[in-house]
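> If you're matching them up, the sequences are chains A and B in order.
Using our numbering, the first residue of the first sequence is number 1, and each one after it goes up by one.
Using our numbering, the first residue of the second sequence is number 354, and each one after it goes up by one.
All C-beta atoms, glycine included, are put in the ideal place defined by N, C-alpha and C.
Once you've had a glance at the structure underneath, I'll fire off some questions.
Number of protein chains: 2
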Amino acid sequence: MIPNLNIVPFVSVDHMMKLVLKIGVERFLSDLAAYIEEDFRRWPVFDKTPRVASHSADGVIELMPTSDNRNYGFKYVNGHPKNTREGRQTVTAFGVLSDVATGYPVLMTEMTILTALRTAATSAVAAKALAPRGASCMAIIGNGAQSEFQALAFKALLGIRELRLYDIDPDATAKCARNLAGLGFAITTCHSAQEAVEGAHIITTVTADKQYATILTDNMVGAGVHINAVGGDCPGKTELHRDILLRSDIFVEYPPQTRIEGEIQQLPADYPVTELWQVLTGAAVGRRDARQITLFDSVGFATEDFSALRYVRDQLQGTGLYQELDMLADPDEPRDLFGMLLRAASPPGAVAA
Amino acid sequence: MIPNLNIVPFVSVDHMMKLVLKIGVERFLSDLAAYIEEDFRRWPVFDKTPRVASHSADGVIELMPTSDNRNYGFKYVNGHPKNTREGRQTVTAFGVLSDVATGYPVLMTEMTILTALRTAATSAVAAKALAPRGASCMAIIGNGAQSEFQALAFKALLGIRELRLYDIDPDATAKCARNLAGLGFAITTCHSAQEAVEGAHIITTVTADKQYATILTDNMVGAGVHINAVGGDCPGKTELHRDILLRSDIFVEYPPQTRIEGEIQQLPADYPVTELWQVLTGAAVGRRDARQITLFDSVGFATEDFSALRYVRDQLQGTGLYQELDMLADPDEPRDLFGMLLRAASPPGAVAA
Numbered sequence: 001m002i003p004n005l006n007i008v009p010f011v012s013v014d015h016m017m018k019l020v021l022k023i024g025v026e027r028f029l030s031d032l033a034a035y036i037e038e039d040f041r042r043w044p045v046f047d048k049t050p051r052v053a054s055h056s057a058d059g060v061i062e063l064m065p066t067s068d069n070r071n072y073g074f075k076y077v078n079g080h081p082k083n084t085r086e087g088r089q090t091v092t093a094f095g096v097l098s099d100v101a102t103g104y105p106v107l108m109t110e111m112t113i114l115t116a117l118r119t120a121a122t123s124a125v126a127a128k129a130l131a132p133r134g135a136s137c138m139a140i141i142g143n144g145a146q147s148e149f150q151a152l153a154f155k156a157l158l159g160i161r162e163l164r165l166y167d168i169d170p171d172a173t174a175k176c177a178r179n180l181a182g183l184g185f186a187i188t189t190c191h192s193a194q195e196a197v198e199g200a201h202i203i204t205t206v207t208a209d210k211q212y213a214t215i216l217t218d219n220m221v222g223a224g225v226h227i228n229a230v231g232g233d234c235p236g237k238t239e240l241h242r243d244i245l246l247r248s249d250i251f252v253e254y255p256p257q258t259r260i261e262g263e264i265q266q267l268p269a270d271y272p273v274t275e276l277w278q279v280l281t282g283a284a285v286g287r288r289d290a291r292q293i294t295l296f297d298s299v300g301f302a303t304e305d306f307s308a309l310r311y312v313r314d315q316l317q318g319t320g321l322y323q324e325l326d327m328l329a330d331p332d333e334p335r336d337l338f339g340m341l342l343r344a345a346s347p348p349g350a351v352a353a
Numbered sequence: 354m355i356p357n358l359n360i361v362p363f364v365s366v367d368h369m370m371k372l373v374l375k376i377g378v379e380r381f382l383s384d385l386a387a388y389i390e391e392d393f394r395r396w397p398v399f400d401k402t403p404r405v406a407s408h409s410a411d412g413v414i415e416l417m418p419t420s421d422n423r424n425y426g427f428k429y430v431n432g433h434p435k436n437t438r439e440g441r442q443t444v445t446a447f448g449v450l451s452d453v454a455t456g457y458p459v460l461m462t463e464m465t466i467l468t469a470l471r472t473a474a475t476s477a478v479a480a481k482a483l484a485p486r487g488a489s490c491m492a493i494i495g496n497g498a499q500s501e502f503q504a505l506a507f508k509a510l511l512g513i514r515e516l517r518l519y520d521i522d523p524d525a526t527a528k529c530a531r532n533l534a535g536l537g538f539a540i541t542t543c544h545s546a547q548e549a550v551e552g553a554h555i556i557t558t559v560t561a562d563k564q565y566a567t568i569l570t571d572n573m574v575g576a577g578v579h580i581n582a583v584g585g586d587c588p589g590k591t592e593l594h595r596d597i598l599l600r601s602d603i604f605v606e607y608p609p610q611t612r613i614e615g616e617i618q619q620l621p622a623d624y625p626v627t628e629l630w631q632v633l634t635g636a637a638v639g640r641r642d643a644r645q646i647t648l649f650d651s652v653g654f655a656t657e658d659f660s661a662l663r664y665v666r667d668q669l670q671g672t673g674l675y676q677e678l679d680m681l682a683d684p685d686e687p688r689d690l691f692g693m694l695l696r697a698a699s700p701p702g703a704v705a706a
């Protein structure tokens, strides 16, 4: 008998926070980025599909499955911009990692925090390959739930030390600046997106409205910058003026998904883009010169969640930072599910209704 | 503030068994069948998609989402025939019900037991509409984990009192007969499928091999019977000889899925079939005459799991038969996910890596 076949470790929000704090946010981001990059480098082995989305008037609920033929992972994630008005998160998520050989789940975890971490880590992986050499200053436009994670991932992976923050809501900027105080950044709070991008080598856009927006217009973007476009991530939601896209070299995760959800939904379906995994493996060129504008049109792909699930599973051992969920029926005899139910009855005669 | 926004009730295997026993298996099946029938009757409101399957050498892992625009539900389910050799279930499952307006999960539950119950309840809903009047005797070919649930569902909904059991493994038949002893059936254990179908008004086939099989050949099926074909449910897995299909009127759940997974994968893609929901609403005719062979080519559809999730959620209140999972991040300020993490740190300076 293999023990505890039916038990699935579950990482709650509280346990995830403790795990992140135990490892340290920046080390967590660096280590997670290594898993993400590793999985991008073996991109062809993954079973890939655009996310399975269920749209409604107020938002979207999505399932994001993938598999490397050893493990299978999926994430459940919602996106409901109006949620914040009622004290809820715009985006919440949880995920499951399974063993492909048996189909049995081996990990269930909260992924709201984990998604913020993996999104930031992915942005930094892309920027490490695409941003101008010696980049030290980043503008962050949109200072909501994702902003601090972006800042710390870019500090950990690229050595970004100077931040220029702007949000349409000054309270959000103040919150971001407060949370990042003492963590090694020189922070400038700005009063417009225009002001924020001045002198920035990297521009991160990470706003949340579910609508076509123009966070950046063409005249705001100078030669040589790297744009990390995180917020445009579903049909009808973009952040950049189309003219910026036309001046940039565009890098994406998985074209069939990005063409539906990313900034490039503004462009023809055959507009040339480069896949990030090809840059990371050396099969495609990333940044060619110092004046080029590079654009990572990030929408978030299932392999990144898969990497995050793998990473968390590998860190859990010995931490005690999980609960054991009795999630899988485990009868003594696999074909005797009903007998298991019968034997759970007390007195035995209680089964018949 | 809405209390406990971040808490999701979780029904473990143990709690599910206690819930089923508390309600009583047959009443559970009858009540669940009413939910399933109700959802079939409002079929057009559902957001329907074939299941999202990830196939591997040993089996399949599937996600089955659907939504009625108020709730969203999905099931994770695997199918790994070789699992039983290692003491694991061929099929295990869990599921989640969510609120479409917020995207927040409102229930997570084991679904291995629940799937067995919903599959049986669905078979009985179909048979109630299609089986010959006064049917009292059912053959069950395949006496594994699903067999007892089928028997009890057909007793509860159609008044089946006589069972004729056959399995290629006599131990399975003995197990099934033993489990059903004392529950109001006259049981005949048979030594061949041929013997089992003699005199049966309903023939249930529910075998588990992942291969083309011929559990029933054409000469074994007499006029007037209803065939409840449960076991053929994935590409390459069928139970009935093609000639039986050609003599039957075929009823299915969701044609785009059944044509891939059901018995009708043996037939041309445009072979006429009738959708069960249309029979249940009166839009299509079910059984026309006493000599007709009706065939319910069951593969299991996402709406049935949705009905089961709804049913369980409606039964939980006041039972205490669930755990509270801390699954969703719930910062005081929704945009301040990082601040929540910061405040979880102790001492406060511990965040920076």
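#1: What in chain A is Cβ-close to B:Leu669, meaning under 9 Å?
#2: Spatial neighbours of A:Phe94 within its chain, please: C-beta separation below 6 Å, excluding the five flanking residues on both sides.
#3: Along the chain, where does the alpha helix (DSSP H) containing A:Ile244 start, and where does it finish?
#4: Please confirm if A:Pro3 has its CB atom under 8 Å from at least one CB of chain B.
#5: Please tell me whether A:Gly231 has its Cβ less than 8 Å away from any Cβ of chain B.
#6: So, for B:Leu467: in the same chain, excluding its five sequence neighbours on each side, which residues have a beta-carbon less than 6 Å away from its beta-carbon?
#7: Mind pulling the chain A residues with CB within less than 8 Å of B:Val463?
#8: Can a CB atom of chain B be found closer than 8 Å to the CB of A:Gly224?
#9: How big is the Cα-Cα spacing for B:Val583 and B:Ala566?
#10: Which stretch, first to last residue, makes up the alpha helix (DSSP H) that contains B:Ser660?
#11: Three-state secondary structure (DSSP) at B:Met461?
#12: Per DSSP, what are the beta-bridge partners of B:Gln676 in this structure?
#13: Please give the ranges of any beta strand (DSSP E) in the region 193-229 of chain A, keeping only runs that are unbroken, at least 3 residues long and fully inside the region.
#14: For A:Leu295 versus A:Ile215, is the C-beta distance shorter than 8 Å?
#15: Show which residues of chain A have a CB atom less than 7 Å away from the CB atom of B:Asn359.
#16: Beta-carbon of B:Lys528 versus every beta-carbon of chain A: anything under 8 Å?
#17: With H, G and I counted as helix, E and B as strand and the rest as coil, what does DSSP make of B:Asn422?
#18: Taking only the alpha-carbon atoms, compute the straight-line gap between B:Ala324 and B:Pro362 and give it to the nearest angstrom.
#19: Please state the DSSP three-state secondary structure of A:Ser54.
#20: Can you give me the Cβ contacts of A:Phe301 inside the same chain, cut-off strictly under 7 Å, excluding the 5 residues immediately before and after it?
#21: Among B:Asp642, B:Leu536, B:Arg595, which has the Cα closest to the Cα of B:Asn572?
#22: Alpha carbon to alpha carbon, how far is A:Thr330 from B:Gln442?
#23: Could you tell me whether any Cβ in chain B is nearer than 8 Å to the Cβ of A:Ala345?
#24: So the candidates are A:Lys82, A:Ala345, A:Asn6, A:Leu341; which of them puts its Cα closest to the Cα of B:Cys529?
#25: Can you give the Cα-Cα distance for A:Val60 and A:Ser54, rounded to whole angstroms?
#26: Mind checking A:Ser192: buried by the 16 CB within 10 Å criterion, or exposed?
#27: Kindly provide the ranges of any alpha helix (DSSP H) runs that are 4 or more residues long and lie completely inside the region 377-407 of chain B, ordered along the chain.
#28: Looking at A:Phe251: is its Cβ nearer than 8 Å to the Cβ of A:Leu130?
#29: For the region 608-647 of chain B, which segments carrying the alpha helix (DSSP H) assignment without a break, of at least 4 residues, lie completely within its bounds, in sequence order?
#30: Would you kindly report the start and end of the unbroken alpha helix (DSSP H) that includes A:Gly339?
#31: Within the same chain, show all residues whose beta-carbon is closer than 7 Å to that of A:Asp169, passing over the 5 residues directly before and after it, in chain order.
#32: Relative to the C-alpha of B:Asn359, which residue among A:Tyr72, A:Ser67, A:Thr92, A:Arg161 is closest?
#33: Is the beta carbon of A:Glu239 closer than 8 Å to that of A:Glu263?
#34: Among B:Lys481, B:Thr656, B:Leu690, B:Leu416, whose alpha-carbon lies nearest the alpha-carbon of B:Arg471?
#35: Let me know the secondary structure DSSP gives A:Asp332 once reduced to three states.
#36: What does DSSP give as the partner residues of B:Ser451 in its beta bridges?
Answer, in terms of the structure:
#1: The premise fails here: B:Leu669 is roughly 16 Å from chain A at the closest Cβ pair, so nothing lies under 9 Å.
#2: Tyr76, Glu110, Met111
#3: 242-247
#4: Legend: pLDDT at A:Pro3 = 48, less than 50; position of this residue unreliable, value from coordinates given subsequently. Answer no: the Cβ-Cβ gap between A:Pro3 and chain B never drops below 8 Å.
#5: no
#6: Ala661
#7: At residue 463 of chain B the sequence reads Glu, which differs from the Val that was named. Those are Asp326, Met327, Leu328, Ala329, listed as they occur along chain A.
#8: no
#9: 13 Å
#10: 655-669
#11: strand
#12: B:Phe363
#13: 202-205, 212-216, 226-229
#14: no
#15: Val13
#16: yes
#17: coil
#18: This structure cannot speak to residue 324 of chain B, because chain B is shown only from 354 to 706.
#19: strand
#20: Glu253, Tyr254, Gln257
#21: B:Arg595
#22: Note that residue 330 of chain A is Asp in the sequence shown here, rather than Thr. Spanning the two alpha carbons is a distance of roughly 7 Å.
#23: yes
#24: A:Leu341
#25: 6 Å
#26: exposed
#27: 378-394
#28: yes
#29: 608-614, 629-634
#30: 337-344
#31: none
#32: A:Thr92
#33: yes
#34: B:Thr656
#35: coil
#36: B:Tyr425, B:Pro458
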